[in-house]
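Have a look at the structure below, then the notes.
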Amino acid sequence: AQKITQTQPGMFVQEKEAVTLDCTYDTSDPSYGLFWYKQPSSGEMIFLIYQGSYDQQNATEGRYSLNFQKARKSANLVISASQLGDSAMYFCAMREIYSSASKIIFGSGTRLSIRP
Amino acid sequence: GAVVSQHPSWVICKSGTSVKIECRSLDFQATTMFWYRQFPKQSLMLMATSNEGSKATYEQGVEKDKFLINHASLTLSTLTVTSAHPEDSSFYICSARSGLTPEENEQFFGPGTRLTVL
C-alpha cells in the first residue's frame, strides 16, 4: 500500500531564505508520481510540482524544485527565495500510476510560515 | 489548467437533514472523480473514487450509505451527506481527472465545500 510521510508539522523561515520541506514515501509499484500542493487559508489546492518515478532529472518550476532521491524514497520540496505569500500548508502526495484506483493520497502536511 | 467547480462553497444545515454537493469539470471530461474530506488542521483523506456510469469505490471506514456518490455524467459528480450530524462537519474537496490513459497525471481540484452541521 502506498504511504506518504511528512515529519515537519510546522516550519518558520525568514523571508528571502530557501526552505526545504521533507517528504518520504513508500510504494511497491515501480511506476508512480509524486506531487506537491500548496493550500492557503482559503482552502484551495494549488498544484506546485510533479515528479515521475522514471524521470531522470529533478523537477523544477520557477522557485520550486523537487529533490528526488529514489533510493531513499524521498521527494523533498525546495522553495528558493521565500516570500511572505508562501505562508501556507504544503502537502506532499503520491499516485501509483497503474494501480486499479490510481488515486492521489496525501501526507499530513507542513505548515510553513514566512517571517518578514 | 482545467477548472473544477464545486457548489455550494459553504453550507449550514440542521442535524438529520441531507446535503448535496456538486462537483463539475468545466472544460474537460472527467472519467474519474475523487471525493476528499479534510478536518481542521488535518490532511485530505480520500473518501471515494467514482467512475462515470459505475458505482463509487469507497475507502475503508467510509460509510457508503451515508455518503452517496453519483457520477452520472462525464462532467458532474455529486456527494450527498445523508442524515448529517455535527461530526460530519468538514471541508469536502472533489478532484477530477480525464484519465484517458493511466499516465494522465493531471488531477484537478475543486475549491472545496465547507459543511457545518448544527
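So the protein lines, in turn, are chains F and W. Using our numbering, you'd call the opening residue of the first sequence number -18 and step up by one each time. Using our numbering, you'd call the opening residue of the second sequence number 36 and step up by one each time. Virtual Cβ for every residue (Gly too), placed ideally from N, Cα, C.
Cβ pair count under 8 Å reaching 3, the segment 41 to 51 of chain W against the segment 54 to 63 of chain F: no
Identify every run of the beta strand (DSSP E) within the segment 54 to 85 of chain W, keeping only runs that are complete inside it and at least 3 residues long; order them along the chain. Every beta strand (DSSP E) of 3 residues or more that sits fully in the segment 54 to 85 of chain W is shown, in chain order, as 54 to 60, 67 to 73.
Are three or more beta carbon pairs between the segment 8 to 20 of chain F and the segment 78 to 89 of chain F nearer than 8 Å? yes
Within 8 Å (strictly less), CB to CB, does F/Gly24 reach chain W? For the purposes of this step, residue 24 of chain F is identified with residue 43 of the first sequence, where counting begins at 1. Interface residue, yes.
Between W/Ile56 and chain F, is the shortest Cβ-Cβ distance under 8 Å, so that the two count as touching? As a position in the second sequence, residue 56 of chain W is number 21, starting the count at 1. With 8 Å as the cut-off, W/Ile56 does not count as an interface residue toward chain F.
Looking at W/Ser50: is its Cβ nearer than 8 Å to the Cβ of W/His120? The residue given as residue 50 of chain W occupies position 15 in the second sequence. The residue given as residue 120 of chain W occupies position 85 in the second sequence. Yes. Within cutoff.
Proximity below 8 Å, CB of F/Ser63 to CB of F/Ile95: Indexing the first sequence from 1 puts residue 63 of chain F at position 82. Indexing the first sequence from 1 puts residue 95 of chain F at position 114. The answer is yes: Cβ separation under 8 Å.
Please state whether the Cβ-Cβ distance between F/Arg92 and F/Gly(-9) is less than 8 Å. Position 111 of the first sequence holds residue 92 of chain F. Position 10 of the first sequence holds residue -9 of chain F. Yes, Cβ-Cβ distance for F/Arg92 and F/Gly(-9) is below 8 Å.
Against chain W, which members of the segment 57 to 86 of chain F pass a CB distance test of less than 8 Å? Residues of the segment 57 to 86 of chain F whose Cβ lies closer than 8 Å to any Cβ of chain W, in chain order: Phe72, Arg76, Ile78, Tyr79, Ala82, Ser83, Lys84, Ile85, Ile86.
Output yes if chain F places a C-beta closer than 8 Å to the C-beta of W/Gly88; else output no. On the second sequence, position 53 is the one that residue 88 of chain W refers to. So, not an interface residue.
Would F/Gly43 count as contacting chain W if we go by Cβ distances under 8 Å? Along the first sequence, one-based indexing puts residue 43 of chain F at 62. With 8 Å as the cut-off, F/Gly43 does not count as an interface residue toward chain W.
For a cutoff of 8 Å on Cβ pairs, would you count F/Gly(-9) as touching chain W? Your numbering for residue -9 of chain F matches position 10 in the first sequence. Not closer than 8 Å to any Cβ of chain W, the Cβ of F/Gly(-9) fails to qualify, so no.
Please list the terminal residues of the continuous beta strand (DSSP E) segment that includes W/Arg149. The residue you call residue 149 of chain W lines up with position 114 of the second sequence. Per DSSP, W/Arg149 belongs to the beta strand (DSSP E) from 148 to 152.
Using a beta-carbon distance below 8 Å, is W/Pro121 in contact with chain F? For the purposes of this step, residue 121 of chain W is taken as residue 86 along the second sequence, with counting starting at 1. Closer than 8 Å: no.
Quick one: grab the DSSP three-state call for W/Leu114. Position 79 of the second sequence, counted from the start, is the residue given in the question as residue 114 of chain W. Here W/Leu114 sits in strand by DSSP.
Residues that W/Leu79 contacts on chain F, provided the C-beta gap is smaller than 8 Å: Walking along the second sequence from the start, residue 79 of chain W turns up at place 44. Met26, Phe72, Phe87, listed in chain order.
Which chain F residues are close to W/Pro146, counting only those with a beta carbon under 9 Å from its beta carbon? Working through the second sequence from its first residue, we reach residue 146 of chain W at position 111. Within chain F, the residues near W/Pro146 are Ser23, Gly24, Glu25, Met26.
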